[in-house]
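Structure, as structure tokens:
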Amino acid sequence: MSELQQTKLWDDWDDINLSTSERRVERLEILLCQKVYKGEDISQCLQVLEYLKNRTTHQKLESVFFRQVQSKLIFNSWQIIGQATLIFLVAIPCCFATYKIATSSLISSNSSSELSQGKQLSKNTPSHGKKHHR
4 MSELQQTKLW
14 DDWDDINLST
24 SERRVERLEI
34 LLCQKVYKGE
44 DISQCLQVLE
54 YLKNRTTHQK
64 LESVFFRQVQ
74 SKLIFNSWQI
84 IGQATLIFLV
94 AIPCCFATYK
104 IATSSLISSN
114 SSSELSQGKQ
124 LSKNTPSHGK
134 KHHR
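Here it is as structure tokens:
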């Protein structure tokens, strides 16, 4: 008996596991062969097989597309994090430099005002080095 004749007919397939697409394709191929052997119309079987092939190809393409989108999003996220870190690393020294400049100009302005006040005081107070004659 040939393998085709040993294969169960479609009516007997109630107990056959068709849970995966590979099993469904395999059973459709068997049905196609049985129909060809009996001389029946195979156009519906060919349409279903074409549909399953296209769906599998579509699923693979979707998977590749989503992986590419995901890697692009991850790359963009790391790029944003890197730019933010760079801005932070540049901003901190700038803030310290601005603080230093502000405090040094404040100190120098306080020192110069103290010096000018000291000079004004020394001009206003009489000198003790000279003796006054009456």
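According to the numbering used here, the residues represented by the sequence shown are 4 to 137, in order.
Just so it is clear, CB atoms sit at the ideal spot from N, CA and C, and this is done for glycine as well.
Please read all numbers here as calculations on a predicted model, not as lab measurements.
Within the model, the alpha-carbon separation for D44 versus S22 is close to 26 Å. E43: not part of any alpha helix (DSSP H); DSSP gives it neither H nor E. A direct Cα-to-Cα measurement between I33 and Q86 gives close to 59 Å. Here the stretch 45-63 makes contact with the stretch 23-31; the two share three or more CB pairs at distances below 8 Å. Of the other Cβ atoms in all chains shown, 16 or more fall within 10 Å of the Cβ of C48; this residue is therefore buried. Contact check for L64 and V28: beta-carbon distance about 18 Å, past the 8 Å limit, so the pair fails to qualify.
S22 carries a coil assignment under DSSP once its states are collapsed to helix, strand and coil.
In this structure, the straight-line span from the alpha carbon of K75 to that of I90 is close to 22 Å. The C-alpha of Y54 is placed about 43 Å away from the C-alpha of I83.
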